[in-house]
Amino acid sequence: MDPSILRWPGANLCRNPFGELTRQERAELAIVDLEPVLSHLTDANRDRWLPRRAYQFIGECGRGKTTHMLTLHQRFEDSVYVYLPEDEPCPAIPLGSPLLIDEAQRLPRRVLRRVAESGSTLILGTHRDLSRPLRRHDYEVVTHRIGLTLSPAKLATMLNRRIAASRRDPDAPVPSLSLEVAGELTRRFGTDIRGIESYLYDIVQSQVEHHGEMRFID
Amino acid sequence: MAKCDLSIELDEPDRVYGGGDKITGTVHVVVDANVKCKGLDVQTNWRTHGRGNIASGTRDSITLFSGEWTAGQNPSYRFELVVPDWPPSYHGGYINIDHCVHVRAKIPWAFDPKASRDYVMRPNRPMDSDAIPAQSTEVSGCVGYVVAAVFIGFLVFFCGGMAAAFAANPIIPIVGSVIVLPIFGFIAARYYLPKFLLGNVECELSTPIVSPGGVIEARLAFQPRRGSAINGITAALVGSEVCVSGSGSNRTTHTNKFFDESQLLQEATRLQAGSRQEFDLKFQVPSDVPYSFDLSDNDLRWQVDVRVDIPRWPDWTRSLKLLILPGEEAGHAAQPAADQQADLDAASEITFAETASHIWSSREDDEQLETLVAAVTGMTFNLETIIERRLLYAGDEDPHLYPDGYAVWARHTDPPLPLVLYVPHDLADEFEQAGRDPWSCRGTIVGWDHQHRRLQVKVLAQ
Numbered sequence: 001m002d003p004s005i006l007r008w009p010g011a012n013l014c015r016n017p018f019g020e021l022t023r024q025e026r027a028e029l030a031i032v033d034l035e036p037v038l039s040h041l042t043d044a045n046r047d048r049w050l051p052r053r054a055y056q057f058i059g060e061c062g063r064g065k066t067t068h069m070l071t072l073h074q075r076f077e078d079s080v081y082v083y084l085p086e087d088e089p090c091p092a093i094p095l096g097s098p099l100l101i102d103e104a105q106r107l108p109r110r111v112l113r114r115v116a117e118s119g120s121t122l123i124l125g126t127h128r129d130l131s132r133p134l135r136r137h138d139y140e141v142v143t144h145r146i147g148l149t150l151s152p153a154k155l156a157t158m159l160n161r162r163i164a165a166s167r168r169d170p171d172a173p174v175p176s177l178s179l180e181v182a183g184e185l186t187r188r189f190g191t192d193i194r195g196i197e198s199y200l201y202d203i204v205q206s207q208v209e210h211h212g213e214m215r216f217i218d
Numbered sequence: 219m220a221k222c223d224l225s226i227e228l229d230e231p232d233r234v235y236g237g238g239d240k241i242t243g244t245v246h247v248v249v250d251a252n253v254k255c256k257g258l259d260v261q262t263n264w265r266t267h268g269r270g271n272i273a274s275g276t277r278d279s280i281t282l283f284s285g286e287w288t289a290g291q292n293p294s295y296r297f298e299l300v301v302p303d304w305p306p307s308y309h310g311g312y313i314n315i316d317h318c319v320h321v322r323a324k325i326p327w328a329f330d331p332k333a334s335r336d337y338v339m340r341p342n343r344p345m346d347s348d349a350i351p352a353q354s355t356e357v358s359g360c361v362g363y364v365v366a367a368v369f370i371g372f373l374v375f376f377c378g379g380m381a382a383a384f385a386a387n388p389i390i391p392i393v394g395s396v397i398v399l400p401i402f403g404f405i406a407a408r409y410y411l412p413k414f415l416l417g418n419v420e421c422e423l424s425t426p427i428v429s430p431g432g433v434i435e436a437r438l439a440f441q442p443r444r445g446s447a448i449n450g451i452t453a454a455l456v457g458s459e460v461c462v463s464g465s466g467s468n469r470t471t472h473t474n475k476f477f478d479e480s481q482l483l484q485e486a487t488r489l490q491a492g493s494r495q496e497f498d499l500k501f502q503v504p505s506d507v508p509y510s511f512d513l514s515d516n517d518l519r520w521q522v523d524v525r526v527d528i529p530r531w532p533d534w535t536r537s538l539k540l541l542i543l544p545g546e547e548a549g550h551a552a553q554p555a556a557d558q559q560a561d562l563d564a565a566s567e568i569t570f571a572e573t574a575s576h577i578w579s580s581r582e583d584d585e586q587l588e589t590l591v592a593a594v595t596g597m598t599f600n601l602e603t604i605i606e607r608r609l610l611y612a613g614d615e616d617p618h619l620y621p622d623g624y625a626v627w628a629r630h631t632d633p634p635l636p637l638v639l640y641v642p643h644d645l646a647d648e649f650e651q652a653g654r655d656p657w658s659c660r661g662t663i664v665g666w667d668h669q670h671r672r673l674q675v676k677v678l679a680q
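So the sequences go chain by chain: A and B. Residue numbering for the first sequence follows our numbering, beginning at 1 and increasing consecutively. Residue numbering for the second sequence follows our numbering, beginning at 219 and increasing consecutively.
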């Protein structure tokens with residue numbers, strides 16, 4: 001396996017676009033509409049976070065909750081992102097504006113109470129609706145259900161951004177994924193973006209030495 | 219639109235660099251508008267990509283320029299950097315490791331322009347054997363007895379429990395048996411039934427560490443307790459990429475077997491009871507195979523899988539782990555972490571700023587970071603910090619928190635190493651009043667916060 005061999009010689013890629021990304025890369029490449037979040041959580045001038053406001057993303061695994069959270073975290077310098085691991089003690093939760101808590105359904109009740117008592121502006125990624133305990137502490141909560149729909153156009157845009165971010169020569173073109181292929185992928189995988197990425201990883205990897213045009217579907 | 223564009227020109231772009239070599243080149247800047255640059259930083263990095271979570275590290279870093287650029291200027295800056303000793307460049311199916319020279323211009327209130335240029339690195343020196351983790355290839359006798367004792371204890375407890383439950387309600391032991399008996403069955407089939415026929419099987423590697431082109435040697439010996447037929451005895455040298463993506467409940471392990479070479483040690487035959495069988499295994503390792511590595515969630519593993527295939531009976535199997543590492547022919551080297559450890563040991567009067575600099579430069583390399591933090595844990599320093607924010611919840615399980623004390627996020631002044639400060643209650647006023655000004659204190663390093671990537675320091679009461 002000679003590392004000096006050029007991979008995907010015909011596609012101008014420096015890496016498989018559908019491999020894992022860092023948190024920062026995920027946030028940079030995400031397509032997220034921040035407007036609904038900001039309109040609920042900030043004042044009319046968009047320069048102040050409103051206390052006792054919460055916005056929760058609810059959805060199944062692999063639908064984009066964490067990507068939404070990371071994008072918001074990167075966008076706002078004073079924000080704090082906290083991920084709650086499974087079967088481990090609750091980690092430290094700092095004050096943040098806003099405070100983003102991923103996998104928030106794992107918050108122990110006493111910690112959730114302490115967070116709610118602080119009145120901090122909250123953005124939650126959760127599998128369980130947490131609006132009731134928050135409303136008990138006078139929070140106004142908006143729920144955004146993620147992954148109910150995924151249009152071929154949006155999917156094609158998302159995937160083509162990942163391909164563009166893996167470009168080797170900045171002045172040469174890279175392959176792009178058509179609307180037809182995106183439509184076929186949504187028919188096969190529904191809204192499971194993680195499943196689509198995993199499938200495409202194998203497809204692209206199988207063409208690592210191909211000189212011809214890249215295919216994205218069998 | 220960026221106010222300047224960066225590009226990197228390597229003096230020897232096609233050269234294969236060895237660990238510790240110097241890489242030289244030029245950074246070219248094309249300035250489109252007047253711009254202030256807080257630092258033009260260039261560094262030698264490595265980074266994994268593929269199916270696993272990304273691991274990365276930095277070996278050397280220098281600031282080439284800071285100041286003002288004016289529109290129309292096209293300045294160039296020469297650089298010379300040290301190439302990392304490890305890991306080597308690698309391109310596989312699930313894991314890839316690329317080395318690059320990376321440059322970034324820090325521009326206030328704007329996106330930082332960046333550029334990078336890949337190069338190929340192959341280790342030209344063997345690994346320090348002290349840096350290689352010990353590989354256990356067999357369960358030791360003592361551990362084996364403990365496992366057996368636990369197994370028998372559990373069996374006694376289970377049977378007693380079943381008898382008691384049967385007296386109370388006959389349904390409970392039936393349900394319990396459906397769950398537990400298959401587990402016992404599996405353990406018996408896996409470990410005890412092959413031993414019942416073959417007796418104690420000795421299987422060990424004589425060469426747990428080899429180089430590409432070398433020979434792996436192992437030995438298999440047993441004395442059957444009972445006469446039985448076997449379909450054959452095989453050994454296979456297996457190389458696989460094992461990587462993990464996601465975290466928490468989304469954590470998934472991916473395995474890609476890229477090398478599998480089998481040897482038939484014994485064809486189908488009938489073994490006689492008491493007749494000792496001995497086999498010497500030899501595998502010639504091809505000269506172009508990739509090295510073993512363990513980079514957080516991206517591992518390349520080698521092992522020898524030995525199997526005694528017994529018809530209509532569970533097979534006896536064992537995996538012997540081994541390391542394929544750079545060989546002697548290339549001289550002698552040490553791991554970067556070991557270098558920095560030696561630096562730390564040498565400096566008995568090290569300051570916190572020096573300690574923070576070592577940790578700061580290793581912050582992308584988890585393995586190196588662990589070594590450094592372990593080395594300085596328990597050391598007490600004077601330090602100057604900028605307070606960032608107090609914690610809303612510090613975690614009741616956090617053993618470092620003072621009773622009625624506070625946990626605070628802060629950073630060191632230079633380098634800006636993120637810190638968690640555990641502050642006693644009587645210093646609350648002092649750090650509250652510090653605001654954004656530097657706050658000096660004396661504290662003991664107590665660990666590393668892996669989730670938030672911060673050095674934990676317990677501030678001492680004055």
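Using N, Cα and C, we set each Cβ at its ideal position, and we do this for glycine too.
Counting only beta-carbon atoms, is A:Gln205 nearer than 8 Å to chain B? By this cut-off, A:Gln205 is an interface position.
Sheet register partners of B:Thr266 (DSSP bridge): DSSP lists B:Ile315 as partners of B:Thr266.
Taking all protein chains shown into account, decide if A:Glu20 is buried (16 or more other Cβ within 10 angstroms of its Cβ) or exposed. Burial of A:Glu20 is indicated by the presence of at least 16 other C-beta atoms within 10 angstroms of its C-beta.
Could you check whether the Cβ of B:Tyr688 sits closer than 8 Å to any Cβ belonging to chain A? In the structure as shown, chain B starts at 219 and stops at 680, and residue 688 of chain B therefore has no counterpart that could be examined.
In chain A, which residues lie with their C-beta within 8 Å of the C-beta of B:Ser463? Chain A residues near B:Ser463: Glu20.
Can you confirm whether the stretch 23-30 of chain A touches the stretch 100-108 of chain A when touching is taken to mean that 3 or more C-beta pairs between the two stretches lie within less than 8 Å? No, the stretch 100-108 of chain A does not touch the stretch 23-30 of chain A.
Assign A:Lys65 to one of two classes, buried (16 or more other C-beta atoms within 10 Å of its C-beta) or exposed (fewer than that). It is buried - the Cβ of A:Lys65 has at least 16 other Cβ atoms within 10 Å.
Give me the chain A residues within the contact set of B:Gly270, using Cβ-Cβ distance strictly less than 9 Å, ordered along the chain. By Cβ distance, chain A contributes Gly19 and Glu20.
Determine the burial state of B:Asp655: buried for a count of at least 16 other Cβ atoms within 10 Å of its Cβ, exposed for fewer. Exposed, by the Cβ-count rule.
For A:Gly125, does the three-state DSSP call read helix, strand or coil? Strand.
To the nearest angstrom, report how far apart B:Ile568 and A:Leu185 are at their CA atoms. Going from the Cα of B:Ile568 to the Cα of A:Leu185 covers about 58 Å.
Tell me whether A:Glu60 sits in a helix, a strand or coil according to DSSP, three-state version. Looking at A:Glu60 - three-state DSSP - the assignment turns out to be coil, as it is neither helix nor strand.
Endpoints, beta strand (DSSP E) assigned at B:Asp517: Boundaries of the beta strand (DSSP E) around B:Asp517: Asn516 to Asp527.
Let me know if A:Cys61 comes out buried or exposed under the rule of 16 or more other beta-carbons within 10 Å of its beta-carbon. A:Cys61 is classed as exposed because its beta carbon has fewer than 16 other beta carbons within 10 Å across all chains shown.
Put B:Trp531 into one of helix, strand or coil per three-state DSSP. Three-state result, B:Trp531: coil.
So the candidates are A:Thr71, A:Leu177 and A:Arg194; which of them puts its Cα closest to the Cα of A:Gly147? Out of A:Thr71, A:Leu177 and A:Arg194, A:Arg194 has the C-alpha closest to the C-alpha of A:Gly147.
So B:His643 and B:Asp667 are in contact, right, with Cβ under 8 Å, and what is the actual spacing, rounded? Taking a contact as a CB-CB distance under 8 Å, the pair B:His643 and B:Asp667 does not count as one, their CB atoms being some 21 Å apart.
Rounded C-alpha distance that separates B:Thr262 from B:Ile280: For B:Thr262 and B:Ile280, the distance between alpha carbons rounds to 10 Å.
Apply the 10 Å Cβ neighbour rule to B:Leu482 and answer buried if 16 or more other Cβ atoms are within range, or exposed otherwise. Exposed, because fewer than 16 other Cβ atoms sit within 10 Å of the Cβ of B:Leu482.
Distance cutoff 8 Å, beta carbons only. Does B:Arg608 sit that close to anything in chain A? For B:Arg608, the answer is yes, since a Cβ of chain A falls inside 8 Å of its Cβ.
Can you tell me which of the three DSSP states B:Ile577 falls into? Helix, per DSSP.
Give the straight-line distance between the Cα atoms of B:Ser354 and B:Leu540, rounded to the nearest whole angstrom. Note that B:Ser354 has pLDDT 39, beneath the 50 cutoff, so the model's placement of it is unreliable and no number is given.
Backbone CA spacing between B:His309 and A:Arg215 [nearest angstrom]: Distance from the CA atom of B:His309 to the CA atom of A:Arg215, rounded to whole angstroms, is 21 Å.
Does A:Ala92 have its Cβ less than 8 Å from a Cβ in chain B? With 8 Å as the cut-off, A:Ala92 counts as an interface residue toward chain B.
With H, G and I counted as helix, E and B as strand and the rest as coil, what does DSSP make of B:Tyr509? Coil at B:Tyr509, not helix or strand.
Could you check what DSSP says for B:Pro426 in three-state terms: helix, strand or coil? The DSSP-derived three-state label of B:Pro426 is coil.
Report yes or no: do three or more beta-carbon pairs, one from the stretch 247-264 of chain B and one from the stretch 309-326 of chain B, lie closer than 8 Å? Proximity of the stretch 247-264 of chain B to the stretch 309-326 of chain B meets the contact definition, three or more beta-carbon pairs being nearer than 8 Å.
According to the neighbour-count rule (16 or more other Cβ atoms, all chains shown, within 10 Å of its Cβ), is B:Ile401 buried or exposed? Here B:Ile401 is exposed, its C-beta having fewer than 16 other C-beta atoms within 10 Å.
Taking contact to mean 3 or more Cβ pairs, one atom from each stretch, closer than 8 Å, check whether the stretch 445-459 of chain B and the stretch 516-526 of chain B are in contact. Contact between the stretch 445-459 of chain B and the stretch 516-526 of chain B is present, with at least three C-beta pairs closer than 8 Å.
What does A:Tyr55 touch in chain B if you count any residue whose Cβ is under 9 Å from its own? Going along chain B, no residue has its Cβ under 9 Å from A:Tyr55, so there is no contact; the nearest lies around 18 Å.
Determine the closest residue to B:Trp657 out of B:Arg629, B:Lys676 and B:Gln669, with distance taken between C-alpha atoms. Nearest Cα to B:Trp657 within the set B:Arg629, B:Lys676 and B:Gln669: B:Arg629.
Residues near A:Asp94 in its chain [Cβ-Cβ closer than 7 Å; skip 5 each side]: Looking at the sequence itself, residue 94 of chain A is Pro, so the reference to Asp does not match. Within the same chain, A:Pro94 has close Cβ partners Val80.
Beta-carbon separation (whole angstroms), B:Ala273 vs B:Asn468, contact threshold 8 Å: So it is not a contact: roughly 18 Å between Cβ atoms.
Does chain A have any CB closer than 8 Å to the CB of B:Gln669? Using a CB distance cut-off of 8 Å, B:Gln669 counts as an interface residue toward chain A.
Alpha-carbon to alpha-carbon, A:Arg110 and B:Arg660: About 33 Å.
Give me the DSSP bridge partner(s) of B:Phe477. Beta-bridge pairing links B:Phe477 to B:Gly457.
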